[in-house]
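Under the numbering used here, the residues of the sequence shown are numbered 362 to 704, in order. All C-beta atoms in this analysis are idealised placements derived from N, C-alpha and C, irrespective of residue type, glycine included. What follows is one structure encoded as structure tokens, with my remarks underneath.
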Amino acid sequence: MSETTNKGFTPRIFSGIQPSGGLTLGNYLGALKRFAALQGDQAETIYCIVDLHAITVWQEPAILKARIREAAAAFMASGVDPAQSILFNQSQVSAHAELAWLFNTVARVGWMYRMTQFKDKAGKNSENASLGLLAYPALMAADILAYQATAVPVGEDQKQHLELTRDIAAKFNHDYGVNHFPITEPLIEGVATRVMSLRDGSKKMSKSDPSDASRINLTDDADTIAQKIRKARTDADPLPGSTDGLKDRPEARNLVNIYAALSDQTPDQVLARFEGQGFGAFKPALAEVAVEALSPITKRMSEYMNDPAEIDRILGDGSMRAAAVATPILEQTKDIMGLLRSR
Ligand code: TYM
362 MSETTNKGFT
372 PRIFSGIQPS
382 GGLTLGNYLG
392 ALKRFAALQG
402 DQAETIYCIV
412 DLHAITVWQE
422 PAILKARIRE
432 AAAAFMASGV
442 DPAQSILFNQ
452 SQVSAHAELA
462 WLFNTVARVG
472 WMYRMTQFKD
482 KAGKNSENAS
492 LGLLAYPALM
502 AADILAYQAT
512 AVPVGEDQKQ
522 HLELTRDIAA
532 KFNHDYGVNH
542 FPITEPLIEG
552 VATRVMSLRD
562 GSKKMSKSDP
572 SDASRINLTD
582 DADTIAQKIR
592 KARTDADPLP
602 GSTDGLKDRP
612 EARNLVNIYA
622 ALSDQTPDQV
632 LARFEGQGFG
642 AFKPALAEVA
652 VEALSPITKR
662 MSEYMNDPAE
672 IDRILGDGSM
682 RAAAVATPIL
692 EQTKDIMGLL
702 RSR
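Next up, the structure:
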């Protein structure tokens, strides 16, 4: 954490996940597993299911609630403890939407058009995208800065959004002559910051990929996981003795990184064990490690999902605790901007 930029701010970690469909091994290794590991350190940890972000593309109302609960179950099944962290869904804390509006007046339109996620999601017909999809990063900045969060653990794909969050904080501080918002540090660490598709080593593993074989879902059973790994695309060469030998082998590198992340080893440690072996030997070993790591999570997730009322209670409680942190920061922000508050 940068001491020079964030002096005077309480160390606070914030991150979020969209409840827009099943979560993947990428979400687990790039985010959830690390969220759990960061608990109990020096910093407060605040984790959010960003349902207001999810609705920037169409979500069926009848299933959105279930997806929000499923995301909450995934957080807890991955080790996020609602007693140690604040766990809540975004739409229950109005400070997010309010601060996002204030940031809409700070951020520039050109910054939004440059975001690669907007370009990818809006596609060719960007005139027809929701205004919310364009303004998405201002809401993300509001999520983080409503808590004056100093660090944000994410996967590699969120880097550009975090840079924009820093730009908004810096412009706000500069324009109003204050040191109100920290310049948040991205925590993009470890070997699984960009887990790739099992079918194409040049594409990110994603819940929106049309091919279910391209990803491992946190709800997949042991047989499905083993089958997807068996069918994963690879090359014909044996594994090298060190990561230097994986340079031009994206599929092989991805599987080695997944093995390393799941078993808390470095890729070099994994290669030391499998040097000279082909994928006929490596894939069953990877499947075993994956099933061993993911099966307990899948099981715990379904246990949580059997008690939706308890999930709702946890999210309600987390929302109140989150609001208690965010509301005073939002009020200070309004004061700084010259908005009148008389109640
Ligand atoms: P989302 O919901 O797409 O993904 C949630 C988290 O999972 C990470 N991730 C991956 N990591 C490694 N490999 C992959 N293949 C992979 N796929 C996803 C993402 O990097 C992310 O950390 N805009 C955010 C949600 C958000 C947010 C925030 C995050 C809203 N407000 C505030 C942090 C702070 C998003 O769409 O993530």
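With a threshold of 7 Å, establish whether the CB of residue i neighbours any heavy atom of the ligand COA.
{"i": "residue 552", "result": "Here the bound small molecules are the ligand TYM; the ligand COA is not part of this structure."}
CA-CA distance, residue i and residue j?
{"i": "residue 620", "j": "residue 462", "result": "43 Å"}
{"i": "residue 679", "j": "residue 506", "result": "18 Å"}
{"i": "residue 652", "j": "residue 666", "result": "20 Å"}
{"i": "residue 646", "j": "residue 371", "result": "43 Å"}
{"i": "residue 504", "j": "residue 637", "result": "47 Å"}
{"i": "residue 603", "j": "residue 550", "result": "20 Å"}
{"i": "residue 544", "j": "residue 530", "result": "6 Å"}
{"i": "residue 587", "j": "residue 437", "result": "24 Å"}
{"i": "residue 571", "j": "residue 627", "result": "31 Å"}
{"i": "residue 697", "j": "residue 443", "result": "33 Å"}
{"i": "residue 643", "j": "residue 600", "result": "9 Å"}
{"i": "residue 390", "j": "residue 488", "result": "35 Å"}
{"i": "residue 656", "j": "residue 701", "result": "53 Å"}
{"i": "residue 664", "j": "residue 686", "result": "31 Å"}
{"i": "residue 681", "j": "residue 562", "result": "42 Å"}
{"i": "residue 427", "j": "residue 618", "result": "32 Å"}
{"i": "residue 548", "j": "residue 598", "result": "34 Å"}
Kindly give me the distance between the Cβ atoms of residue i and residue j, rounded to whole angstroms, as I take these residues to be in contact under 8 Å.
{"i": "residue 585", "j": "residue 616", "result": "With a Cβ gap of about 17 Å, residue 585 and residue 616 do not count as contacting."}
{"i": "residue 445", "j": "residue 403", "result": "That pair is no contact at about 13 Å."}
{"i": "residue 533", "j": "residue 467", "result": "5 Å"}
{"i": "residue 432", "j": "residue 374", "result": "At roughly 18 Å, the Cβ-Cβ gap does not stay under 8 Å, so residue 432 and residue 374 are not in contact."}
{"i": "residue 452", "j": "residue 413", "result": "5 Å"}
Which one of the options has the shortest CA to CA distance from residue i?
{"i": "residue 580", "options": "392, 624, 662 and 393", "result": "662"}
{"i": "residue 454", "options": "653, 408 and 519", "result": "408"}
{"i": "residue 476", "options": "522, 391 and 690", "result": "522"}
{"i": "residue 668", "options": "382, 430, 565 and 414", "result": "430"}
{"i": "residue 499", "options": "486, 459 and 511", "result": "459"}
{"i": "residue 554", "options": "583, 590 and 516", "result": "516"}
{"i": "residue 568", "options": "577, 562 and 561", "result": "577"}
{"i": "residue 471", "options": "490, 495, 449 and 485", "result": "495"}
{"i": "residue 690", "options": "606, 380, 456 and 573", "result": "456"}
{"i": "residue 546", "options": "703, 631, 478 and 514", "result": "514"}
{"i": "residue 623", "options": "702, 485 and 387", "result": "387"}
{"i": "residue 464", "options": "681, 525 and 673", "result": "525"}
{"i": "residue 405", "options": "509, 482 and 492", "result": "509"}
{"i": "residue 482", "options": "575, 417 and 394", "result": "417"}
{"i": "residue 684", "options": "369, 629 and 450", "result": "450"}
Pull the bridge partners of residue i from the DSSP assignment, please.
{"i": "residue 376", "result": "408"}
{"i": "residue 686", "result": "In the DSSP output, where bridge partners are listed per residue, residue 686 has none listed."}
{"i": "residue 513", "result": "547"}
{"i": "residue 385", "result": "578"}
If you measure from the beta carbon of residue i to each beta carbon in chain B, is any gap under 8 Å?
{"i": "residue 426", "result": "The displayed structure is made up of one protein chain only, and chain B is not part of it."}
Item to check | Runs of alpha helix (DSSP H) lying entirely within the stretch 601-657, each at least 4 residues, in chain order | outcome: 611-623 and 628-635
Next on the checklist: If we require 3 or more residues per run, which beta strand (DSSP E) segments fall completely within the stretch 515-603?
Outcome noted: 546-548
Next on the checklist: To test your reading of the DSSP string, which unbroken alpha helix (DSSP H) runs of 4 or more residues are found completely within the stretch 441-487?
Outcome noted: 456-465, 470-474 and 477-483
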